[in-house]
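Accompanying notes for the structure given below.
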Amino acid sequence: MTEEITNPVKCHICGREMEKEDCIEEEGKVFCEDCFIEAHHKIQVCDPWAAYSKKAFRKEAGLEGTEGLTELQKAIYEFIVSSGGVKKEEIAKKFQISLLETENQFAILRHCELLKGQKRADGVYLVPFES
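Here the sequence shown is numbered in the working numbering, starting from 20 and rising by one per residue.
This is the structure in structure tokens:
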């Protein structure tokens, strides 16, 4: 038997207060709509079909390098290239985005064959694809 949700409620992730009718409940936890959507929208990094499709689309569209990327994706790519590789936590902090959003942006850049992960002594770094 689950507990009755009463007003106001707080989002389990961001702590935002909201009315009972504006929340989403899942597995006994309460979420605001933004956090719920973000938590359920993860792009898979290791997806050969996505990488193949993205590469074919970019080739057909005549896109090279950072052409066709969003401003955020371009900025993340340039930051990684200029730094020689960074951890995803550094990207999240620098661009003030969540780790999930960082992972999603990395997945897109990985599908474009612009970035990849690289194991180093102190963890996994995101680096240019050609390194």
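In this text, a Cβ means the ideal position worked out from N, Cα and C, and glycines have one as well. Quick caveat, the model's predicted, so the values are computed rather than measured.
The C-beta of Cys-33 has fewer than 16 other C-beta atoms within 10 Å across all chains shown, which makes the residue exposed.
The shortest CA-to-CA distance from Glu-40 to any of Glu-86, Phe-50, Glu-46 is the one to Phe-50. If you look at Phe-50, you'll find it isn't in any alpha helix (DSSP H); it sits in the beta strand (DSSP E) that goes 48–50. Here Phe-125 is buried: its Cβ has 16 or more other Cβ atoms, across all protein chains shown, within 10 Å. Beta-bridge analysis with DSSP links Tyr-144 to Gln-137. Counting of Cβ neighbours within 10 angstroms places Glu-122 among the buried residues, the total reaching 16 or more. Taking 8 Å as the cut-off, the Cβ atoms of Cys-131 and Arg-77 count as close. In this structure, DSSP gives Val-100 a helical state, which the three-state scheme calls helix.
For Ile-43, the enclosing beta strand (DSSP E) begins and ends at 43–45.
Residues of the same chain with a CB within less than 7 Å of the CB of Lys-135, apart from the 5 flanking positions on each side, are Arg-129, Val-146, Phe-148 in chain order.
Annotated three-state conformation of Lys-29 is strand, per DSSP.
Assignment of beta-bridge partners to Val-105 by DSSP yields Leu-145.
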